[in-house]
Each structure stands twice: as C-alpha cells, then as structure tokens.
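Undergrad: Just add 76 to the spot in the sequence shown (first one is 1) and you have the working numbering. The beta carbon of each residue, even a glycine, is placed where N, CA and C say it ideally should be. Treat the numbers as computed from the prediction; the structure is a model and nothing was measured.
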Amino acid sequence: MGVPTGEVIARPMMSRACGCLREFQHYAVDRYRAQRLAKFQKTRCEVCVAKLNDEQRQAAANVPKKGEAFKLLPEGSQFTLTRKADASWTGTLAANGQTVETAGDGPHGLTLALARAWLSANGITAPAEEGEKPAVSEAVSKHPAPKPPPPAAKPSLSTFQKPKPG
Ligand SMILES: [Zn+2]
C-alpha cells in the first residue's frame, strides 16, 4: 500500500495516536484512503516518534543490567516476595530506609523490577559504558533532543522521505 502520486484534493487536520493534529492528505485517486487514514490515526506523528525513540534509547542506556542492578543495591537490602491467589506476585524492596513496591508474574522478574525501581527512585543509574565516560555524569541525561522538523513541513510526494538531520 504505497502513497498515491495523484493530485491532493484536501488536507484535513486529523489527530494521531499521540494526540497531535497532523495534515492528512486526500488524493483524487486513492483506493486505500480508509486504510491510510486508519494507519495515520493509529500511529504517532513523526515528532513524537522521534521523541519516544530518544527517550527509550536513553532509558535503556540508563537502566542497570540484570547483574549490575543487584550489585548497585546498598548493603542490607531486603526483598519481600508474596504470591497472590491468582498466581501473580507482589514484592517490596527495602533499602536505606526506603521501600518500593511492585507486582509481576514471578519472583525472578519481580526482584529485578524492584531493584531497578529502587535504583531509579534513588537516582542511581547504570555506570557509563567503558570508553564513553562523561566527565560530568549529568551530561548523559541532559543530552538535548534533536530539533524536530516543523509540524507543517511540506507534505507531498516526499512524505516517506525523512528529512536528513543537520
Ligand atoms: Zn505527536
């Protein structure tokens, strides 16, 4: 299902999955307008997609790996895991006088989720990878997001050509 190449006869503003209003193009000849519109409304706009990707990349970079998460916990950390009637589990992690609580399918994932929750609640992130140690640790998280393209960027045949950064 490609983008039609004919004349654009209307450009209504439609809201996308992220809530942003974006121009949706009606082509004079378009057998797949309904499908294109459905997809358009089910997906995020390009700005939010870029933002989301960036956030996920940063979050992934900062979440301690399985082995690291437990090592980063302070001395005396205590897990409490409880099986519920529906076979799900809840757990708490108490360390340094602070307790976090979460639920999960099983004790394995739960302890890791608790460790990560506790670490993130205390602002502890994974140590930087070797070779890219920032002089100031804040430099990692305060990395500015790339400037998104203007919302009304020329929509036409180049809809699927991403603007080159820079
Ligand atoms: Zn958006």
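#1: Residues in the same chain with beta-carbon distance under 6 angstroms from Ile200, minus the five sequence neighbours each way, listed in chain order, please.
#2: Considering Cα atoms alone, identify which of Val84, Ala197, Met89 is closest to Tyr103.
#3: Which ranges would you report for the alpha helix (DSSP H) in the stretch 130-178 if only whole runs of at least 4 residues count?
#4: So, for Arg98: in the same chain, excluding its five sequence neighbours on each side, which residues have a beta-carbon less than 6 angstroms away from its beta-carbon?
#5: When DSSP labels each residue in this structure, what does Glu122 get in the three-state scheme?
#6: Among Ala189, Ala171, Thr81, Ala170, which has the Cα closest to the Cα of Ala179?
#7: Quick one: residues in its chain with C-beta nearer than 7 angstroms to the C-beta of Ala191, no 5 flanking neighbours on either side, listed in chain order?
#8: Output needed for Thr156: all residues of its chain with C-beta closer than 7 angstroms, excluding positions within five of it in sequence on either side, in chain order.
#9: What number of angstroms, rounded off, separates the C-alpha of Glu208 from the C-alpha of Ala136?
#10: Since Ala171 and Ser153 should fall inside the 8 angstroms C-beta cutoff, what is the C-beta to C-beta distance between them, to a whole number of angstroms?
#11: Find the nearest neighbour of Val79 within the set Gly95, Ala202, Val105, judged by alpha-carbon distance.
#12: With a threshold of 7 angstroms, establish whether the CB of Val176 neighbours any heavy atom of ligand 1.
#13: Reducing DSSP to helix, strand and coil, say where Ala191 ends up.
#14: Give the DSSP-derived three-state secondary structure of Ser213 in the structure shown.
#15: Between which two residues does the beta strand (DSSP E) containing Ile85 stretch?
#16: Please report the straight-line C-alpha distance between Arg112 and Ala193, rounded to a whole angstrom.
#17: According to DSSP, His102 sits in a beta bridge with which residue or residues?
TA: Concretely, from the data shown:
#1: Leu148
#2: Val84
#3: 142-148
#4: Arg92, Cys121
#5: helix
#6: Ala189
#7: Ala145, Phe146, Leu149, Leu169
#8: Gly167, Thr168
#9: For Glu208, the pLDDT reaches just 45, beneath the cut-off of 50, and the residue's location in the model is therefore unreliable, although a value from the coordinates is still provided. So the alpha carbons of these two residues sit roughly 16 angstroms apart.
#10: 4 angstroms
#11: Val105
#12: no
#13: helix
#14: Bear in mind that the predicted position of Ser213 carries a pLDDT of just 42, short of 50, making it too unreliable to give a figure here.
#15: 84-86
#16: 40 angstroms
#17: Ala86
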